[in-house]
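Since the structure comes first, as structure tokens, the remarks are kept for the end.
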Amino acid sequence: MHYDPIKRSLGNVFNRTPWLRRLFYHLLDLLLLRTWHVHRELRQWAKGRTQEPLTILDAGAGYGQYTYWLSSLGPKWQILAVDVKEEQVADSNNFFRQIGRPQVQFAVQDLVLYQEPNSFDLALSVDVMEHILEDVEVFRNIHTSLKDGGMLLISTPSDQGGSDVHGDGETSFIEEHVRDGYNIHEIQQKLRTAGFERIEARYSYGEPGQVSWRLSMKYPILMLGKSRLFFLLLPFYYLLVFPFCLLLNWFDARTTHESGTGLIVKAWK
Numbered sequence: 019m020h021y022d023p024i025k026r027s028l029g030n031v032f033n034r035t036p037w038l039r040r041l042f043y044h045l046l047d048l049l050l051l052r053t054w055h056v057h058r059e060l061r062q063w064a065k066g067r068t069q070e071p072l073t074i075l076d077a078g079a080g081y082g083q084y085t086y087w088l089s090s091l092g093p094k095w096q097i098l099a100v101d102v103k104e105e106q107v108a109d110s111n112n113f114f115r116q117i118g119r120p121q122v123q124f125a126v127q128d129l130v131l132y133q134e135p136n137s138f139d140l141a142l143s144v145d146v147m148e149h150i151l152e153d154v155e156v157f158r159n160i161h162t163s164l165k166d167g168g169m170l171l172i173s174t175p176s177d178q179g180g181s182d183v184h185g186d187g188e189t190s191f192i193e194e195h196v197r198d199g200y201n202i203h204e205i206q207q208k209l210r211t212a213g214f215e216r217i218e219a220r221y222s223y224g225e226p227g228q229v230s231w232r233l234s235m236k237y238p239i240l241m242l243g244k245s246r247l248f249f250l251l252l253p254f255y256y257l258l259v260f261p262f263c264l265l266l267n268w269f270d271a272r273t274t275h276e277s278g279t280g281l282i283v284k285a286w287k
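Residues 19 to 287 in this note's numbering are what the sequence shown spells out, letter by letter.
Listed below in structure tokens is the structure:
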């Protein structure tokens, strides 16, 4: 399944007005389980810091939903959001200008090459590293770009069924992925190789999260991939499954998992 064409179609729908884009962000915050886990970690990091003039790198910003959430949480924070997709960066800059958030800037950058030494208090990488083959180079660049004591927060699929791969003969559900998922020890070792010393990693997407992901993401994406007419049915589909998915997301984000199809990793410089 090629995910990018579907993402472009969704972006075209919700990018028509700032109000629709805000709605889109809020829907993603509720539906995407990774957002529940990432927001939980970011709230913990932000305690006592919301009024400080900090600098943040959103490394692989995508639609910009995490940049939007962070810019609401800390109005004094300066946020640089980078991505390789020029159209997405242009749309995001336009949106943040329209809503009056000059502390946010989007830029076209390749994470394999991008460095800004000793510049950021926090770097965020959400569902990015599974798309990049040269992952250690990216980790090195981010380590260089963080200030001393700065933190990198990563959300990525694990090798316990991430990308919906459960056996040797299966391939990733998302064809843009260059790896099916990280072994929890492998990603920690790669971060140490890049220069990080203190690292914490845990599983996300336990059993409740896996059910929620299939209902809220996998099945709708499969149907959209077959026919764009399913856009018309999406509101009715989510009306049925949305309350159940919210309950599953809430439970997954508040449970410690011995295994899971996702990883949440924190690393400090």
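Quick reminder that beta carbons are idealized off the backbone N, C-alpha and C, glycines included.
Go through its chain and collect everything with a Cβ distance to residue i's Cβ below 7 Å, but skip five positions before and after it.
i: Ala212; result: Val154, Phe157, Arg158, His161
i: Leu48; result: Leu264
i: Gly167; result: Trp286, Lys287
i: Glu134; result: Ser163
i: Phe138; result: Thr73, Ile74, Leu75, Ser163, Leu164, Lys165, Gly168
i: Val229; result: Leu266
i: Gln207; result: none
Under 6 Å Cβ to Cβ from residue i, same chain only, skipping five residues before and after it: list those, please.
i: Val126; result: Glu104, Val107
i: Ile117; result: Pro36
i: Leu98; result: Leu75, Gln123
i: His184; result: With a pLDDT of 46 at His184, under the threshold of 50, the modelled position of this residue cannot be trusted, and the question is left open.
i: Phe262; result: none
Mind reading off the beta-carbon distance from residue i to residue j? Whole number of angstroms is fine, and I expect it under 8 Å.
i: Ser89; j: Val122; result: 5 Å
i: Leu142; j: Tyr84; result: 6 Å
i: Gly78; j: Leu131; result: Not quite, the Cβ-Cβ distance comes to about 13 Å (not below 8 Å), so this is no contact.
If the criterion is Cβ atoms closer than 9 Å, does the pair residue i and residue j meet it?
i: Glu70; j: Gly92; result: yes
i: Val144; j: Arg67; result: no
i: Val259; j: Ala219; result: no
i: Asp109; j: Gly80; result: no
i: Leu151; j: Arg210; result: no
i: Tyr221; j: Ser277; result: yes
i: Phe248; j: Leu257; result: no
Nearest to residue i by alpha carbon, out of the options?
i: Leu50; options: Leu131, Arg67, Pro238; result: Pro238
i: Gly179; options: Trp231, Arg246, Leu242; result: Trp231
i: Pro253; options: Arg39, Lys244, Ser234; result: Ser234
i: Thr273; options: Lys236, Gly82, Glu225; result: Glu225
i: Val146; options: Leu171, Leu140, Leu45; result: Leu171
i: His203; options: Gly227, Ser176, Ala64; result: Ser176
i: Gly227; options: Trp268, Lys208, Lys94; result: Trp268
i: Gly280; options: Ala64, Glu215, Glu148; result: Glu148
i: Arg115; options: Gln206, Lys94, Tyr86, Leu140; result: Tyr86
By Cβ distance, which residues of its chain are closer than 8 Å to residue i, with the 5 residues on each side in sequence left out?
i: Val56; result: Tyr84, Leu142, Val144, Leu171, Ser173, Ile282
Could I get the ranges of all uninterrupted alpha helix (DSSP H) runs contained in the region 237 to 261, with 4 residues as the minimum, in chain order?
237 to 244
Taking the runs of the alpha helix (DSSP H) that are 4 residues or longer, which of them lie wholly in the region 62 to 114?
83 to 91
3-residue-minimum beta strand (DSSP E) runs that sit fully inside the region 112 to 139, ordered along the chain:
122 to 126
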